[in-house]
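Asker:
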Amino acid sequence: MSDEDISIIDALDQMEKERGIPKDYMVDQICKAITTACKNSYGNDHVSVHLNPDKNEFEVYLRKNVVEDVQNPHSEILLEKAREIDPTCAVGDQVSVQLHTREFGRIAAHQARGVIRQGIRAGERGLMMKEFESKHQELVSAVVERVDPRSGAATLKIGKSEAILPRSEMVGNEVFQEGDHIKVYVVDVHETDKGPYAVISRTHPDLVKRLFETEVPEIYDGTVEIKAVSREAGSRTKLAVLSHDPAVDAVGACIGSRGGRV
């Protein structure tokens with residue numbers, strides 16, 4: 002097993018642990034990268050790459066035509082050499098010839114690294130999209146990472162992802178500092194050219210719904226239903242509530258004992 006393979010596999014283990022990018026996904030991306038590099042460097046479209054689970058290293062094979070006189074060593078192999086691999090082969094057959102790692106040129110290695118980096122970015126974007134989608138239309142906790150002094154927009158850390166809270170989606174004149182822990186509502190999630198993007202808000206009416214669900218058990222279990230929300234963010238909020246249990250007072254459930262829930 003080569004030092005390069007050891008370092009790559011160690012890096013994949015670390016990426017899976019620290020970034021949450023599945024190792025199997027990255028192995029697939031590396032195999033595709035090496036395949037592309039081989040096709041470009043050797044002019045042979047018949048390339049197969051896989052990770053040998055026993056040796057824990059990448060193996061590359063070129064499919065070559067068996068001939069009596071080699072014109073192109075990248076796609077052809079002498080019958081005598083081919084029979085060292087498959088004693089039953091004949092001229093006109095094809096055999097798989099293992100390509101050793103040291104045979105890669107600088108161009109091939111550069112191409113492989115480039116595709117691997119792209120695979121890492123794509124994997125991170127995919128994980129970010131999944132994380133945002135799991136929080137769609139939910140109330141989530143976030144940490145303020147920084148605040149733009151000109152626009153007032155705040156960059157928030159939500160789980161392992163980042164999102165921007167515009168000044169227009171903040172309540173009243175609230176001001177945040179780096180490290181503040183706040184609640185935001187994930188209004189929408191969509192994919193852009195720059196990656197996944199989450200629309201978040203602290204003024205959206207549904208933020209109040211989700212907040213009451215966390216504070217009022219009767220709303221969470223469906224005994225009391227919020228029928229409508231009228232909100233003036235930073236000023237006041239009105240809720241229309243309905244109890245599905247005659248024994249439960251909807252307004253009283255929301256307010257709680259001595260106003261302890263609101």
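In this note's numbering, the protein residues as written are 2 to 263. Yeah, the Cβ is synthetic: ideal placement off N, Cα and C, and Gly gets one too. All values reported here derive from a predicted model rather than from experimental measurement.
Take V71 as the anchor and find which of G93, E58, E60 and L52 has the nearest alpha-carbon.
Answerer: Closest by alpha carbon: G93.
Asker: Which residues bound the beta strand (DSSP E) around R237?
Answerer: Run containing R237: R237 to S244, per the beta strand (DSSP E) assignment.
Asker: Between which two residues does the alpha helix (DSSP H) harbouring A83 extend?
Answerer: Looking at the DSSP string, the run of the alpha helix (DSSP H) that includes A83 is L80 to I86.
Asker: Using only the alpha-carbon positions, how far apart do S181 and S258 sit?
Answerer: Here residue 181 is Asp; the residue named in the question, Ser, does not match the sequence. Roughly 30 angstroms between the two C-alpha positions.
Asker: With respect to the beta strand (DSSP E) encompassing K158, which residues constitute its N-terminal and C-terminal limits?
Answerer: Note, K158: beta strand (DSSP E), A155 to I159.
Asker: Which residue from K56, I227 and E60 puts its Cα closest to that of V48?
Answerer: Ranking the options by Cα distance to V48, first place goes to E60.
Asker: Using 8 angstroms as the threshold, is the C-beta distance between A199 and A164 below it?
Answerer: Closer than 8 angstroms, so yes.
Asker: Assuming contact is defined by CB atoms lying nearer than 8 angstroms, are V272 and T238 in contact in what I supplied?
Answerer: Nothing can be reported for residue 272: it is not among the residues displayed for the chain, which extend from 2 to 263.
Asker: How far does the beta strand (DSSP E) with V172 in it reach, from first residue to last?
Answerer: No beta strand (DSSP E) holds V172; DSSP gives it neither H nor E.
Asker: Just tell me which of Q178, P206 and S244 has its CA closest to the CA of Y221.
Answerer: Answer by Cα proximity: S244.
Asker: Go to K65, then tell me how far its beta strand (DSSP E) extends in each direction, as first and last residue.
Answerer: Counting along the chain, the beta strand (DSSP E) containing K65 begins and ends at E58 to V68.
Asker: Can you tell me which of the three DSSP states P206 falls into?
Answerer: It is helical.
Asker: If I follow the unbroken alpha helix (DSSP H) through I256, where does it start and stop?
Answerer: I256 -> alpha helix (DSSP H) spans A251 to I256.
Asker: Would H51 be called buried (16 or more neighbouring beta carbons within 10 Å of its own) or exposed?
Answerer: Exposed, because fewer than 16 other Cβ atoms sit within 10 Å of the Cβ of H51.
Asker: Quick check on the burial criterion: 16 or more other C-beta atoms within 10 angstroms. Buried or exposed for A248?
Answerer: Answer is exposed; the Cβ neighbour count stays below 16.
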